[in-house]
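Numbering (the working numbering), first residue to last: 612 to 881. Some notes on the structure that comes next.
Here's what the structure looks like:
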């Protein structure tokens, strides 16, 4: 017997209202959370968290959900209220400007959990209205991730069976693009190439991370994604977004460990 959906309070929370509306449209379209996630290139777990009011959706994800469910833009019209609620919750109690919680500052227990954090970082970063751009540098944030990295726990087998098949050619293409973006960064400056990189990782890399692959390909995919996160960090620094860069650095280190790329891991401390 399946679990009853979590009871929401739509009248008290814009986030809960959004979750209830999303659940309604998914039910109308007779889709499971996993099936909807495949259509939007997201995980079913993420869809479930949004429906339960446990995760704030980005504007880009909201638009993908509207398109996949053919709502006529219902969810996007709700999104400004949801984003206002997120900004209100994230705002610190005393001064210092708006915050963004701990998104990207923690060391996730598994590679797949890390992928979801990185996905949310990329999607939120792409939304120019997000408060993530003004996130402050947190001096103490490296303590936990550094300790976990030094413990050097090897992750379990990295495989996935949720989307299209990912092969070595895909991994090679990611490394080639890493080189291209690195060259663009050196020649033009990170501020110029950053928006292009964000569109690339959201449109090309995320579907690969949510695809199907074996352990060897999975580790290669994680290592290449770590390098792309690394580039996001450097370009964010160049764009005067130090707090955002810090979040990318932490996730790059976690992905590099998942990929078993010790050289890339050590480069983070160079």
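Glycine included, every Cβ here is placed at the ideal spot set by N, Cα and C.
Where residue 634 sits in the DSSP three-state scheme: By 1-based counting over the chain shown, the position of residue 634 is 23. DSSP places residue 634 in helix when its eight states are reduced to three.
Residue closest to residue 717, alpha-carbon to alpha-carbon, out of 651, 870, 866: To locate residue 717, count along the chain shown from 1; it is residue 106. Comparing Cα positions, the closest option is 866.
Identify which residue in 625, 688, 824 has its Cα closest to the Cα of residue 772. As a working note, residue 772 is residue 161 in the chain shown. Taking only the C-alpha atoms, the option nearest residue 772 is 824.
Bridge-paired residues (DSSP) for residue 776: Taking the first residue of the chain shown as 1, we reach residue 776 at position 165. According to DSSP, which records beta bridges pairwise, residue 776 is partnered with 823.
Contact set for residue 857: own chain, Cβ-Cβ below 7 Å, skip 5 residues either direction: The residue given as residue 857 occupies position 246 in the chain shown. Answer for residue 857: 748, 749, 752, listed in chain order.
Are residue 840 and residue 728 closer than 8 Å when you measure CB to CB? Walking along the chain shown from the start, residue 840 turns up at place 229. Walking along the chain shown from the start, residue 728 turns up at place 117. Not closer than 8 Å, so no.
Count the other C-beta atoms from every protein chain shown that fall within 10 angstroms of the C-beta of residue 762, then say buried if there are 16 or more, exposed otherwise. Along the chain shown, read from residue 1 onward, the residue named residue 762 stands at position 151. Residue 762 comes out exposed.
Exposed or buried, what is residue 799 when buried is set at 16 or more other beta-carbons lying within 10 Å of its beta-carbon? Here residue 799 refers to the residue found at position 188 of the chain shown. Flag for residue 799 reads exposed.
My assumption, with CB atoms under 8 Å, is that residue 638 sits in contact with residue 675. Please give the rounded CB distance. Within the chain shown, residue 638 is the residue found at index 27, counting from 1. Within the chain shown, residue 675 is the residue found at index 64, counting from 1. So it is not a contact: roughly 18 Å between Cβ atoms.
To the nearest angstrom, report how far apart residue 847 and residue 853 are at their CA atoms. Translated into the one-based positions of the chain shown, residue 847 becomes position 236. Translated into the one-based positions of the chain shown, residue 853 becomes position 242. Approximately 7 Å, taken between the alpha carbons.
Given this structure, state the Cα-to-Cα distance separating residue 756 from residue 834, to the nearest angstrom. Position 145 of the chain shown, counted from the first residue, corresponds to residue 756. Position 223 of the chain shown, counted from the first residue, corresponds to residue 834. Those two C-alpha atoms are separated by around 17 Å.
State the Cα-Cα distance for the pair residue 734 and residue 658, rounded to the nearest angstrom. The residue you call residue 734 lines up with position 123 of the chain shown. The residue you call residue 658 lines up with position 47 of the chain shown. Computed Cα separation, rounded: 14 Å.
Exposed unless 16 or more other CB atoms sit within 10 angstroms - verdict on residue 641: Along the chain shown, one-based indexing puts residue 641 at 30. Burial call: exposed.
Taking the alpha-carbon positions, what's the residue 859 to residue 804 distance? By one-based count along the chain shown, residue 859 stands at place 248. By one-based count along the chain shown, residue 804 stands at place 193. Cα-Cα distance, rounded: 16 Å.
Whole-angstrom distance between residue 808 and residue 870, CA atom to CA atom: Taking the chain shown and counting its residues from 1, one reaches residue 870 at position 259. Taking the chain shown and counting its residues from 1, one reaches residue 808 at position 197. Whole-angstrom Cα-Cα distance: 21 Å.
Indicate the three-state DSSP secondary structure (helix, strand or coil) for residue 748 in the structure shown. Indexing the chain shown from 1 puts residue 748 at position 137. If DSSP states are grouped into helix, strand and coil, residue 748 belongs with coil.
Taking just the CA atoms, how far does residue 624 sit from residue 816? Counting from 1 along the chain shown, the entry for residue 816 is found at position 205. Counting from 1 along the chain shown, the entry for residue 624 is found at position 13. Computed Cα separation, rounded: 33 Å.
Residue 832 beta carbon less than 8 Å from that of residue 820: The residue given as residue 820 occupies position 209 in the chain shown. The residue given as residue 832 occupies position 221 in the chain shown. Yes, Cβ-Cβ distance for residue 820 and residue 832 is below 8 Å.
Who are the near neighbours of residue 775 in its chain, counting only those whose CB is closer than 6 Å to its CB and skipping five residues on each side? The residue labelled residue 775 in the question sits at position 164 within the chain shown. Correct list, in chain order: 822.
How big is the Cα-Cα spacing for residue 689 and residue 759? Position 78 of the chain shown, counting from 1, holds the residue named residue 689. Position 148 of the chain shown, counting from 1, holds the residue named residue 759. Computed Cα separation, rounded: 39 Å.
Applying the criterion that 16 or more other CB atoms from any shown protein chain within 10 Å of the CB defines a buried residue, is residue 684 buried or exposed? For the purposes of this step, residue 684 is identified with residue 73 of the chain shown, where counting begins at 1. Classification for residue 684: exposed.
Give me the Cα-Cα distance between residue 782 and residue 828, rounded to the nearest whole angstrom. By one-based count along the chain shown, residue 782 stands at place 171. By one-based count along the chain shown, residue 828 stands at place 217. Cα to Cα, the separation comes out at about 7 Å.
Beta-carbon separation (whole angstroms), residue 738 vs residue 670, contact threshold 8 Å: Position 127 of the chain shown holds residue 738. Position 59 of the chain shown holds residue 670. Correct: roughly 4 Å between the Cβ atoms.
Among 863, 836, 844, which has the Cα closest to the Cα of residue 855? For the purposes of this step, residue 855 is taken as residue 244 along the chain shown, with counting starting at 1. That would be 844, whose Cα lies nearest to the Cα of residue 855.
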